[in-house]
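Same order as they appear, the protein sequences are chains A and B.
Counted the way this note's numbering counts, the first sequence spans residues 6 to 355.
Counted the way this note's numbering counts, the second sequence spans residues -1 to 128.
Idealized CB from N, CA, C, for every residue including glycine.
What you are looking at is a predicted structure, and each value in this text was computed from that prediction instead of being measured.
To start, the structure itself, in structure tokens.
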Amino acid sequence: MVGIITYGVYIPRYRIKVEEIAKVWGANASDITGGLGVFEKSVPDLDEDTATIAVEAARNALLRRNIDPVKIGAVYVGSESHPYAVKPTACTVGEAIGSTPRMMAADFEFACKAGTAGIQTCMGLAKSNMIEYGFAIGSDVAQGAPSDALEYTAAAGGAAFLIGRQDPIARINHTCSFTTDTPDFWRREGQDYPRHGGRFTGDPGYFKHVEGASRLMLEELGKSAKDYDYAVFHQPNAKFPQKVAKTLGFSIDQIKPGLVVPRLGNTYSGSCMIGLAATLDIAKAGDRIFVCSFGSGAGSDAFDISVTDVIESADFNRASAPSVEFLLKNPVYIQYAQYAKHKGKIVMQE
Amino acid sequence: MSVARFWRKIPQRYNLIGTVCKTCGRHFFPPRSFCPDCRRSGEIVEYKFKGTGTVVTHTIIRTASDQFEDLTPYALAIIKLDEGPRITAQIVCTPEDVKIGMRVKGTFRRIAADGASGVIYYGTKYVPDE
Ligand SMILES: [Zn+2]
């Protein structure tokens, strides 16, 4: 049975508070934090980008389990902020974990769900015996235009999931997707910042697709919300996942361990995957986890996951890589001026 | 630095691939293909360093060349890797926090880039190992 062999997360150390960004634009901070449920967001260091975050997440995954990197036959990195327009991040990751040259590799792009699309691709390759292991990574240093609503949440971070057949810590019982052509959010080639349809993005974007994929999954498996111990939804803010969870019949207790957005912001391709990692950080053998990502443009990938006893066995050591909670603790807060420099928002003389 | 020169050193820069002399156990980074102690009886093989070490001495760089100007002020240190060799590398943290004897570990970072359209060079820097 195909499943998760190991997983790892990386979150940069820096944070900026929503009120610090609001101050610059003369906005009311409590209105914004109240509306989004987000209080601060992660900011990459000057020398961190999607590739460095992806490498650190993958290396953290490999700290938890003794895997020969040569047996990793595929690396897929999902992001909307790949460092190059042309030259794959996946090659840098493959080299940095020692899996080159005998490996398949490609970069994926599907707004915030490119990483979960990578999980599905690796599942297919592993299931058909084309690879022994495959890395699916979601990593982003998300960009929001100055003063745009997205600037309050666009964050940096990533998660790596190694997919394979042999002794998974969590079986992936089923996956399905719900996809339509919906222009709710986009970025044209050569543009620095994405654009979005404002209020339009909620109903025909996020809710339609997350509910669509989630209901498909529950129908195909004949399950309902009460059959799960935990649920993780894409979290562009704290309000959307709580609302969609309620609609689908999931409780706050079920989504709480994976709801990382209030202290992290929206890590785009990393968002739902870091939420799943935070849930796996505390999960016990036998737990069942419901996962549904969302990517604008638009689509959702749903997963039904059962945690196995391997997670508590000697083959797997959760404590040998940092937990999501550890990575969220002890941040270094920065002011807007430093943040602008970190994010390359200051135009320098050539 | 030329693109080709960087590319040839990717194993060293990404994964700290050096060498070890199997005869006397001495480690080399950057890699050497000849052991100065054992000379002709030395047997050199490839070795992947653990990436952990201790700060021997350090300084704060406040004025850097164009490529590193964005990063100032930053800490540059001589680090004694646990296997023995000493290397010079940047420590990513508040520069004043770096102390002699501090334990550090490798982290994957962007080292430099050839302007806005050139190649991005990645490699290993160090962070405090708490
Ligand atoms: Zn020797």
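Does the Cβ-Cβ distance between residue i and residue j come in under 8 Å?
i: T313/A; j: P173/A; result: yes
i: A62/A; j: I136/A; result: no
i: L41/A; j: T206/A; result: no
i: G103/A; j: A66/A; result: no
i: A303/A; j: T187/A; result: yes
i: S86/A; j: V146/A; result: yes
i: G300/A; j: A119/A; result: yes
i: C297/A; j: V215/A; result: yes
i: K97/B; j: V53/B; result: yes
i: M100/B; j: P126/B; result: yes
i: A307/A; j: A218/A; result: yes
i: T94/A; j: A56/A; result: yes
i: I118/B; j: P88/A; result: yes
i: H56/B; j: I15/B; result: no
i: L167/A; j: I72/A; result: yes
i: P209/A; j: Q148/A; result: no
i: S31/B; j: T17/B; result: yes
i: V131/A; j: G169/A; result: What sits at residue 131/A in the sequence shown is Ala, not Val. Yes, the pair counts as a contact, with Cβ atoms nearer than the cut-off.
Is residue i near ligand 1 - that is, is its Cβ less than 7 Å away from at least one heavy atom of it?
i: R24/B; result: yes
i: C277/A; result: no
i: D35/B; result: yes
i: G99/A; result: no
i: G82/B; result: no
i: T21/B; result: yes
i: G40/B; result: yes
Please list the partners that residue i has in chain A, where partner means a Cβ-to-Cβ separation under 7 Å.
i: F106/B; result: T57, V60, E61 and A101
i: D68/B; result: L51
Within 10 Å of its beta-carbon, does residue i have 16 or more other beta-carbons around it, so buried, or fewer, so exposed?
i: R37/B; result: exposed
i: I77/A; result: buried
i: P93/B; result: buried
i: H239/A; result: buried
i: D35/B; result: exposed
i: M278/A; result: buried
i: V75/A; result: exposed
i: P151/A; result: exposed
i: I58/B; result: exposed
i: H201/A; result: buried
i: S276/A; result: buried
Taking C-beta pairs closer than 8 Å, name the residues in chain A that residue i reaches, listed in chain order.
i: I77/B; result: Near I77/B there are no residues of chain A at all, since even the closest Cβ is about 17 Å away, more than 8 Å.
i: V90/B; result: D50 and D52
i: Y119/B; result: By Cβ distance, chain A contributes nothing, its closest Cβ being about 10 Å from Y119/B, past 8 Å.
> Just by C-beta distance, which residues in the stretch 95 to 110 of chain A are closer than 9 Å to chain B?
Replying inline: Against chain B - using a Cβ distance shorter than 9 Å - the residues of the stretch 95 to 110 of chain A are T97, E100, A101, I102 and G103.
>> Against chain B, which members of the stretch 43 to 69 of chain A pass a CB distance test of less than 7 Å?
In response: Taking 7 Å as the Cβ-Cβ cut-off against chain B, the residues of the stretch 43 to 69 of chain A that qualify are D50, L51, D52, E53, D54, A56, T57, V60 and E61.
> At a Cβ cut of 8 Å, what residues of the stretch 69 to 92 of chain A count as close to chain B, listed as they run along the chain?
Replying inline: Listed in sequence order: P88 and Y89.
>> Output needed in chain order: residues of the stretch 9 to 29 of chain B with a Cβ under 7 Å from some Cβ in chain A.
In response: So the close ones are Y12 and N13.
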